[in-house]
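Asks: FYI, the numbering for the sequence shown is 1099 to 1391, going by my numbering. Provided herewith is a single structure, encoded as structure tokens, for subsequent inquiry.
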Amino acid sequence: MALKSFLKEPLLHFLVIGAALFLYFHWSGGGSGREGTRIVITTGQIEHLAAGYTKAWQRPPTDAELKGLTDDWVREEIAVREAMAAGFDRDDTVIRRRLRQKLEFLVEDAAEAAPPTDQELEAWLAAHGEAFRIEPRVAFRQVYVSRDRRGATAEADAGAILARLNAAGPGARIDELGDATMLPQEVELAALRDVDRVFGEGFAQRMQAIAPGTWAGPLKSSYGLHLVLVRERVEGSLPSLAAVRPVVEREFMADRRKRQLAAMYERLLAKYSVVVERREGATAAPAASKGGS
């Protein structure tokens, strides 16, 4: 147990890493060669450091504070160069993911540099119309007849109520007709799926056979019988660009970024020859990507 505890000590890990670094730089000559030993801090970088300090502390740094910022930047630059020279970036998942993100951010920034034209958005909307199509809608009135309450007379009672409704016309008073229900008697323009959500699956489709302006029925639902007057029916349509522009523009830009990233990787892949080795025990290795030599 003592040996296991000793092996878990952070100090031991530090000493092992330090020894590995010492041997690496001893045998490799250290760093990135003579060209990698010159560090230049430009006036732009100094101004950037000062601006960051000012934003954080609401005042510009003193000369001593600016020197401290500069010294820290030099240490960070040295650490990054030495770590990369030692290959620490190659097997670190976090660093690899961050480098990939930075590369892809450059492509995404380029994709967003030029806003889409109306012609591009119109073409994109036409090509993806089903995702934006306004589905058919219907407005109607309904009188409910309960099978549970009326039993065997429900159908005959519905017929008698329908005759009274047709005699009164589209504006018939329906408050005292039929049976009490939580279902709405007046439904303003609503999508067919919303109608089915309230009255039951298939109810809206059964209303499609009813001509507007005339009482008809009874239509059956899981609740009972319904006498229906279709007041208005609006067919499905593709909205204008003006009506959905913010959504179309967002989806267009996302699609553009995706396509430009795919194109970038396709171009870069041509520079490489990718070989996927077979895993031990696998029946077949995955197909290797082929690039130019």
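Backbone N, C-alpha and C define an ideal beta-carbon position, used for all residues, glycine too. For clarity, every value in this text was computed on a predicted model and none was experimentally measured.
When you compare the stretch 1176 to 1186 with the stretch 1194 to 1210, are there three or more beta-carbon pairs, one atom per stretch, that lie closer than 8 Å?
Replies: Because the criterion of three Cβ pairs below 8 Å is not met, the stretch 1176 to 1186 and the stretch 1194 to 1210 do not touch.
Asks: Just curious, the alpha helix (DSSP H) that K1356 is in, first and last residue?
Replies: L1339 to L1367
Asks: Could you compute how far the alpha carbon of K1165 sits from the alpha carbon of L1197?
Replies: Computed Cα separation, rounded: 29 Å.
Asks: Around the C-beta of Q1240, are 16 or more other C-beta atoms found within 10 angstroms, so that it is buried, or is it exposed?
Replies: buried
Asks: Classify I1259: buried if its beta carbon has 16 or more other beta carbons within 10 angstroms, exposed otherwise.
Replies: buried
Asks: Please report the straight-line C-alpha distance between V1236 and G1249, rounded to a whole angstrom.
Replies: 30 Å
Asks: In terms of alpha-carbon separation, which member of E1347, W1222 and R1331 lies closest to E1398?
Replies: The question about residue 1398 has no answer, for the chain in this structure spans 1099 to 1391.
Asks: Taking DSSP as the reference, what is the three-state secondary structure of A1266?
Replies: The answer is helix: DSSP assigns A1266 an H, G or I state.
Asks: Taking one C-beta from the stretch 1343 to 1354 and one from the stretch 1318 to 1331 each time, how about it: are there three or more such pairs within less than 8 Å?
Replies: Three or more Cβ pairs closer than 8 Å define a contact, and the stretch 1343 to 1354 falls short of that threshold against the stretch 1318 to 1331.
Asks: Can you give me the start and stop residues for the beta strand (DSSP E) that G1315 sits inside?
Replies: Going by DSSP, G1315 is part of the beta strand (DSSP E) stretching over W1313 to K1318.
Asks: Using the three-state DSSP reduction, which class does Q1303 fall into: helix, strand or coil?
Replies: helix
Asks: Taking all protein chains shown into account, decide if H1146 is buried (16 or more other Cβ within 10 angstroms of its Cβ) or exposed.
Replies: Within a 10 Å sphere around the beta-carbon of H1146 sit fewer than 16 other beta-carbons, which makes this residue exposed.
Asks: Specify the secondary structure class of G1116 as computed by DSSP and reduced to three states.
Replies: Confidence is the limiting factor: at G1116 the pLDDT is only 48, short of 50, which leaves the residue's position unreliable, though a coordinate-based value still follows. DSSP places G1116 in helix when its eight states are reduced to three.
Asks: Could you tell me which residues DSSP puts in a beta bridge with Q1240?
Replies: V1326
Asks: Could you have a look at V1192 and say whether DSSP puts it in helix, strand or coil?
Replies: Residue state, collapsed to three classes: helix.
Asks: Distance, Cα to Cα, V1374 vs R1157?
Replies: 55 Å
Asks: Can you grab the Cα-Cα spacing for the pair L1281 / R1291, in whole Å?
Replies: 16 Å
Asks: Exposed or buried, which one is L1223 when buried takes at least 16 other CB atoms within 10 Å?
Replies: buried
Asks: Taking a contact to mean a Cβ-Cβ separation below 9 Å, would you say A1289 touches P1234 in this structure?
Replies: yes
Asks: For E1393, write down the residues that DSSP places opposite it in a beta bridge.
Replies: The requested residue 1393 does not occur in the structure, where the chain is confined to residues 1099 to 1391.
Asks: Per DSSP, what kind of secondary structure is G1129 in: helix, strand or coil?
Replies: In this prediction, G1129 has a pLDDT of 43, which is less than 50 and means its spatial position is unreliable; nothing more can be read from the coordinates.
Asks: Report buried or exposed for Y1242, applying the criterion of at least 16 other Cβ atoms within 10 angstroms of its Cβ.
Replies: Per the 10 Å Cβ criterion, buried.
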